[in-house]
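Input: a single structure, listed below in structure tokens.
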Amino acid sequence: MDTARLRRIRISMLLGALALFALLYAPQPVLPQLADDFGLSPGSAALTVSAATLGLAVGAIPLGMLSEAVGRRRMMVGSLLLAEALGLLLPWVHHFPLLVALRLVQGVAIAGLAAVAAAYLADETGGHRLGALMGLYVAGTTIGGMSGRLLGGVAGDFTGWTGGVLTVAVLGAVCTVLFVLLLPAERAHTRQALRWAPLLGGLRSALGDPVLYVPYLVAALGMGAFVTVYNVLGFRLIAPPLLVPPALAALAFLAYAAGTATSAVAGRAADRFGRTRTLLFSLATTVAGLLVMLTDELPAILFGLVVFTGGFFAAHAVASGWVGARARSSARGQASAVYQFSYYGGSSVGGVVGGSAYAAWGWPGMTVLLCGWLALAATGVALAHRRPAARTLTAQVASES
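Note that this note's numbering has the sequence shown beginning at 1, numbered continuously upward.
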């Protein structure tokens, strides 16, 4: 494969992932300030996060299908440009229902990149080093999530939620411009005419393979646990007995660095040791992090957060690569879209359910619920390993071990 072109794909998708996650979770680090400004409860303020992830979940499947007709690159570029334009507009909106509505639209726009990325990589690499490339893409999402939350949280402590969100939008703008300039046009993907029958056939293929339900399950339950922890963590840190100042509480998002490292390593580990072992180890690590966070000692909470974050993103990297490797070439866009629907549907629903558990039972009760979700995901992975060997790509993410 053309080394220079592969390098451009690697760098551009890393930048696109960074912009995507920075924009998607821009309000999360400034939820306390936003709640104060609009006179909202923490749960109501969190609608600015849930609306975007809901939009992404709803938009993932239709936009993934549409990418088969309009082209992967055109879909990703157009979607990210629209999402960035909305990101620059949001700080100037001071009507909360309109803010939530625009976040919903922004989430739909972001879906155009998130739902197509794995299919683009699988097509353009032919499976060559797909595990490592998907790991790098997921690493970009962790860099975006960490940098956006960190910069937004620190800026928001001094300039309010508007300054925090604007800071993230500026970061996203830089990454978006570079993404558009560097991303190569697709060569391997043949566009289909916009006829719903073959597109729906691809969706049926994505939903008809029982093995694919395992990464879908990992995505939904893992992301539900992940977004729950990060939604309520800020409120826990600034409340008694910890009483951490908001600007310092934002530094907790440095834990995302663990996800950046482990997602890239997990992709290579899946290539070498098999995705089943790598996924089970990653999910067990995620549970271990949750258990460490049960203490009220701040250093232990932060250490547990690092372990939890690293384990989650490792699992996500392997599961998302599994979809691209397993799905038929004619249905990769739809399969990737279903994965994203599961991932962000889990974020929207799991965030609400997990937040309600925190309000009702506190951090310990919430932890029991989240550990149950992760155990269910691990059970699905173990059961899938017992199935007969599946069709593979020439060089897929990992062969079952």
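Even glycine gets a Cβ: it sits at the ideal position worked out from N, Cα and C.
| message | Closest to V306 by C-alpha separation, out of M146, Y120 and R73, would be which residue? | response | Stepping through the sequence shown from its first residue, residue 306 is reached at position 306. Minimum Cα distance to V306 is reached at M146.
| task | Tell me whether the beta-carbon of L171 lies closer than 8 Å to the beta-carbon of L151. | result | Taking the first residue of the sequence shown as 1, we reach residue 171 at position 171. Taking the first residue of the sequence shown as 1, we reach residue 151 at position 151. Yes, these two residues count as a Cβ contact at 8 Å.
| message | Is the separation between the beta-carbon of M65 and that of L203 shorter than 8 Å? | response | To locate residue 65, count along the sequence shown from 1; it is residue 65. To locate residue 203, count along the sequence shown from 1; it is residue 203. In contact: M65 and L203 (Cβ atoms closer than 8 Å).
| task | At 4 residues or longer, and completely inside the stretch 210-238: list those alpha helix (DSSP H) runs for me, N to C. | result | 213-238
| request: Go through the stretch 284-330 residue by residue and report every complete run of the alpha helix (DSSP H) that reaches 4 residues or more, in order. | output: 298-326
| said: Count Cβ pairs between the stretch 69-79 and the stretch 346-354 that sit closer than 8 Å; are there 3 or more? | reply: no
| query | Taking the alpha carbon of T176 as the point to measure from, which residue in P245, A85 and Y120 has its own alpha carbon closest? | reply | Here the question's residue 176 lines up with position 176 in the sequence shown. The residue with the shortest Cα to Cα distance from T176 is A85.
| field | Straight-line Cα distance separating G311 from A284 | value | The count along the sequence shown starts at 1 and reaches residue 284 at position 284. The count along the sequence shown starts at 1 and reaches residue 311 at position 311. Cα to Cα, A284 sits roughly 8 Å from G311.
| What are the boundary residues of the alpha helix (DSSP H) that G55 is part of? | What you label residue 55 is simply residue 55 of the sequence shown in a count that begins at 1. Counting along the chain, the alpha helix (DSSP H) containing G55 begins and ends at L47 to V70.
| request: Could you tell me if V227 is buried or exposed, where buried requires 16 or more neighbouring beta carbons within 10 angstroms of its beta carbon? | output: Your numbering for residue 227 matches position 227 in the sequence shown. Per the 10 Å Cβ criterion, buried.
| request: Please classify P184: does DSSP put it in a helix, a strand, or coil? | output: If you number the sequence shown from 1, residue 184 lands on position 184. The answer is coil: DSSP assigns P184 none of H, G, I, E or B.
| said: Considering Cα atoms alone, identify which of T278, L89 and G380 is closest to G135. | reply: One-based indexing of the sequence shown puts residue 135 at position 135. The shortest Cα separation from G135 among T278, L89 and G380 belongs to T278.
| query | Cβ of V30 within 8 Å of Cβ of V165? | reply | Along the sequence shown, read from residue 1 onward, the residue named residue 30 stands at position 30. Along the sequence shown, read from residue 1 onward, the residue named residue 165 stands at position 165. Contact flag set, yes.
| message | Give me the residue from M223, G324, L233 and A261 with the minimum Cα distance to D296. | response | Against the sequence shown, residue 296 aligns to sequence position 296. Nearest of M223, G324, L233 and A261 to D296, Cα basis: L233.
| Between A117 and the rest of its own chain, which residues show a CB-CB distance below 8 Å, the 5 nearest in sequence each way excluded? | As a position in the sequence shown, residue 117 is number 117, starting the count at 1. Around A117: M13, G16, A17, M76, Y137 and S336.
| Can you name, in chain order, every residue of its own chain whose Cβ lies under 6 Å from the Cβ of P91, other than the five neighbours on each side? | Here residue 91 corresponds to residue number 91 of the sequence shown, with the count starting at 1. Closer than 6 Å at the Cβ level, and outside the excluded window around P91, lie T162, V165 and L166.
| The alpha helix (DSSP H) with V105 in it runs from where to where? | Start at 1 with the first residue of the sequence shown, and residue 105 comes out as number 105. Note, V105: alpha helix (DSSP H), F96 to A114.
| message | Can you look up Y344 in the DSSP assignment and give me helix, strand or coil? | response | Here the question's residue 344 lines up with position 344 in the sequence shown. DSSP places Y344 in helix when its eight states are reduced to three.
| query | Taking the Cβ atom as the reference point for each residue, do Y339 and V318 lie within a distance shorter than 8 Å? | reply | Residue mapping note: residue 339 aligns to position 339 of the sequence shown, counting from 1. Residue mapping note: residue 318 aligns to position 318 of the sequence shown, counting from 1. No; because the gap between Cβ atoms is not below 8 Å, this pair is not in contact.
| query | DSSP three-state call for L254: helix, strand or coil? | reply | Walking along the sequence shown from the start, residue 254 turns up at place 254. It is helical.
| request: Take A60 and list the residues in its own chain whose beta-carbon comes closer than 6 Å to its own, dropping the five residues that flank it on each side. | output: Within the sequence shown, the letter at position 60 stands for residue 60. Cβ within range, chain order: A111, A115, A337, Q340 and F341.
| said: Determine whether the beta carbon atoms of F313 and M293 lie at a separation below 8 Å. | reply: Translated into the one-based positions of the sequence shown, residue 313 becomes position 313. Translated into the one-based positions of the sequence shown, residue 293 becomes position 293. No.
| Proximity of W373 and A261 at Cβ, strictly below 8 Å | For the purposes of this step, residue 373 is taken as the residue at position 373 of the sequence shown. For the purposes of this step, residue 261 is taken as the residue at position 261 of the sequence shown. Not a contact, by the Cβ cut-off of 8 Å.
| Can you tell me whether H316 is buried or exposed, with buried defined as 16 or more other CB within 10 angstroms of its CB? | The residue given as residue 316 occupies position 316 in the sequence shown. Buried: at least 16 other Cβ atoms inside 10 Å.
| Close beta carbons around A389, own chain, < 6 Å, minus the five adjacent residues each side | If you number the sequence shown from 1, residue 389 lands on position 389. At A389 the pLDDT is 46, less than 50, meaning the model places this residue with poor confidence and gives no usable figure here.
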